[in-house]
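Trainee:
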Amino acid sequence: MSCSIKRTSSTSYRSGGGAGGACGGSSGRSSSVSCRRYASSVIGGGSYGGAACGGYGGGLSMGGLAGGFGGGFAGSCGPGGDLLLSGNEKVTMQNLNDRLASYLDKVRRLEEENAQLELHIREWYRKQAPSVSKDYSSYYQTIEQLQNQIISATVDNNRMLLDIDNSKMTADDFRMKYENELVIRQTVEADINGLRNLMDDLTLVRSSLESELESLKDELIALKRNHEEEIRQIQSQTGGDVSVEVNAAPGEDLTKILNDLRDEYEQIIEKNRREVEQWYEVKIQEVNQQVTTSSQDIQTSSQQLSELRREMQNLEIELQAQLSTKSSLENSLAETESRYSFLLQQIQAQVNSVEEELGSIRCEMEGQSQEYKMLLGIKTRLEQEIQQYRALLQEGHASQGAFQGGGKSSQSYSASYSHSQGGDMSGKLTLCKHVIISGLHLSQWLQCIWSEKSFVVWVGKDSEVH
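Going by full-length UniProt numbering, the sequence shown runs without a break in its numbering and finishes at 466.
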């Protein structure tokens, strides 16, 4: 079977960012689909679709993403062009038109959302972009080619999906017609079986009536034969020259009696025949009424079934839309969770590093505090020792005045001071004092040794500590 299809469609695209094609993916282009509402008129074999044809002629037109219906798509196929959607054509076309309108509304809404996202992205890039912008003009042509390829692939995909939907709808229509014809065939077969049973009953009644008629005919023949024999016997008895006159009442006329019996039996047969015909007509009328009511019930059930199927298809479409929305929301939720978890990890890492730095600073502060306390203690003890040294120097000055005018003399004082490993200031102080008197000057040397470090204190003439 051959099928010739002429299809007209109008699809326009404009460059942008966001959804490419009709599905609104992230292809870096936005698309706008122009579609006109359809006006369908089916005359004879009429034109309803062109995606699937063969035997019934029909389908849906598709140009670009959602081409025009009706006048924009004329298909001519084999016989039976008006049998595909003869009963529910207007409802199906209205359903498809509503689906197309909702689809285009979704496309427009996605384009608007895409434009808003593009605006936000441009603002973000404008705010976050460095002072010196890079030149990406060399990549524009490649990007445009890739976008065109994505758009063409999306359009081909949508065309294939629409062809698949048309094929599914055609298959559903054929399945519905097959089920309707099967139900009608089963109903007719059941009626035929019932009429056959009724015909068998009528045949039995007819055979019984025929047998009864035959028995009545045999009985009539026997009565005629007996009557003739009786007449012959009477005639033979009354033969001869003897004439007898009997003063008696005349006998009954047997011919009249037989005629009366014949008329009576014929009336009975006619009455039975009329009763059988009336009963047969009543039964035929009842069967016809049952067939009519059954056909009406079948039509009502088929209409309800078609309505339920259309409602089921609408609910399935709505379910798919809700599932797609749910999946997109789940994806966005997962992306948001992953992004915030990454940010949380970064913040936690920063917090950990700051805590480590704070701990190290605290340790350093504690060490410095301990060193400060230790140095403060050392300073205090050194001040005490310096006071002791001054006292000793004062005693040395006093002794110098006592020994002036004499010869040379020397006096030695020794004191030792050691620092234990535990940090306590204990032990002995070592003081080496050498006093040399030679007329006009005094030299003193003091050395203080504390732990492993040596602190040298020089005391001059005027008791200055260096």
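Backbone N, C-alpha and C fix where the C-beta goes; we use that ideal spot for every residue, glycine too.
Can you check whether the CB of residue 126 is closer than 8 Å to the CB of residue 317?
Mentor: In the sequence shown, the residue the question calls residue 317 occupies position 317. In the sequence shown, the residue the question calls residue 126 occupies position 126. Not a contact, by the Cβ cut-off of 8 Å.
Trainee: Do residue 95 and residue 310 have their CB atoms nearer than 8 Å?
Mentor: Indexing the sequence shown from 1 puts residue 95 at position 95. Indexing the sequence shown from 1 puts residue 310 at position 310. A contact, by the Cβ cut-off of 8 Å.
Trainee: Given a threshold of 16 other Cβ atoms within 10 Å of its Cβ, counted over all protein chains shown, does residue 504 qualify as buried or as exposed?
Mentor: Here the chain has residues from 1 to 466 only, and residue 504 is not among them.
Trainee: Alpha carbon to alpha carbon, what distance is there between residue 226 and residue 261?
Mentor: Along the sequence shown, read from residue 1 onward, the residue named residue 261 stands at position 261. Along the sequence shown, read from residue 1 onward, the residue named residue 226 stands at position 226. Approximately 15 Å, taken between the alpha carbons.
Trainee: Quick test of the definition: if touching needs 3 or more C-beta pairs under 8 Å, does the segment 212-228 touch the segment 322-334?
Mentor: Segments in contact, no.
Trainee: For residue 97, report the span of its alpha helix (DSSP H) as first-last.
Mentor: Residue mapping note: residue 97 aligns to position 97 of the sequence shown, counting from 1. From DSSP, the alpha helix (DSSP H) with residue 97 extends over 89-128.
Trainee: Taking Cβ to Cβ, would you say residue 90 is nearer than 8 Å to residue 198?
Mentor: What you label residue 90 is simply residue 90 of the sequence shown in a count that begins at 1. What you label residue 198 is simply residue 198 of the sequence shown in a count that begins at 1. Their beta carbons are not under 8 Å apart, which means residue 90 does not touch residue 198 by this criterion.
Trainee: Is the beta carbon of residue 287 less than 8 Å from the beta carbon of residue 194?
Mentor: Here residue 287 refers to the residue found at position 287 when the sequence shown is read from its first residue. Here residue 194 refers to the residue found at position 194 when the sequence shown is read from its first residue. Cβ atoms of residue 287 and residue 194: closer than 8 Å.
Trainee: In angstroms, rounded to a whole number, what distance separates the CA positions of residue 223 and residue 208?
Mentor: Within the sequence shown, residue 223 is the residue found at index 223, counting from 1. Within the sequence shown, residue 208 is the residue found at index 208, counting from 1. If I take the Cα positions, the gap works out to 22 Å.
Trainee: Contact check, residue 166 vs residue 302 under 8 Å by CB: the rounded distance?
Mentor: Here residue 166 refers to the residue found at position 166 when the sequence shown is read from its first residue. Here residue 302 refers to the residue found at position 302 when the sequence shown is read from its first residue. Not quite, the Cβ-Cβ distance comes to about 23 Å (not below 8 Å), so this is no contact.
Trainee: Going straight from the alpha carbon of residue 337 to that of residue 348, what length do you get?
Mentor: By one-based count along the sequence shown, residue 337 stands at place 337. By one-based count along the sequence shown, residue 348 stands at place 348. Distance between the alpha carbons of residue 337 and residue 348 is about 16 Å.
Trainee: Where does residue 362 sit, in a helix, a strand or coil, going by DSSP?
Mentor: Your numbering for residue 362 matches position 362 in the sequence shown. The answer is helix: DSSP assigns residue 362 an H, G or I state.
Trainee: Helix, strand or coil for residue 135? Go by DSSP, reduced to three states.
Mentor: To locate residue 135, count along the sequence shown from 1; it is residue 135. Of the three classes helix, strand and coil, the one that applies to residue 135 here is coil, per DSSP.
Trainee: Excluding the five sequence neighbours on either side, which residues of its own chain have a C-beta within less than 7 Å of the C-beta of residue 372, listed in chain order?
Mentor: Residue 372 sits at position 372 when you count from the first residue of the sequence shown. No residues qualify anywhere along the chain.
Trainee: Could you tell me the alpha carbon to alpha carbon distance between residue 387 and residue 399, rounded to whole angstroms?
Mentor: Against the sequence shown, residue 387 aligns to sequence position 387. Against the sequence shown, residue 399 aligns to sequence position 399. Computed Cα separation, rounded: 18 Å.
Trainee: Would you mind stating whether residue 291 and residue 191 have Cβ atoms separated by less than 8 Å?
Mentor: The residue labelled residue 291 in the question sits at position 291 within the sequence shown. The residue labelled residue 191 in the question sits at position 191 within the sequence shown. Yes, the Cβ-Cβ distance between residue 291 and residue 191 is below 8 Å.
Trainee: Distance check for residue 325 and residue 105, CA to CA, integer angstroms please.
Mentor: As a first step, residue 105 is located in the sequence shown; it is residue number 105 there, counting from the start. As a first step, residue 325 is located in the sequence shown; it is residue number 325 there, counting from the start. Spanning the two alpha carbons is a distance of roughly 15 Å.
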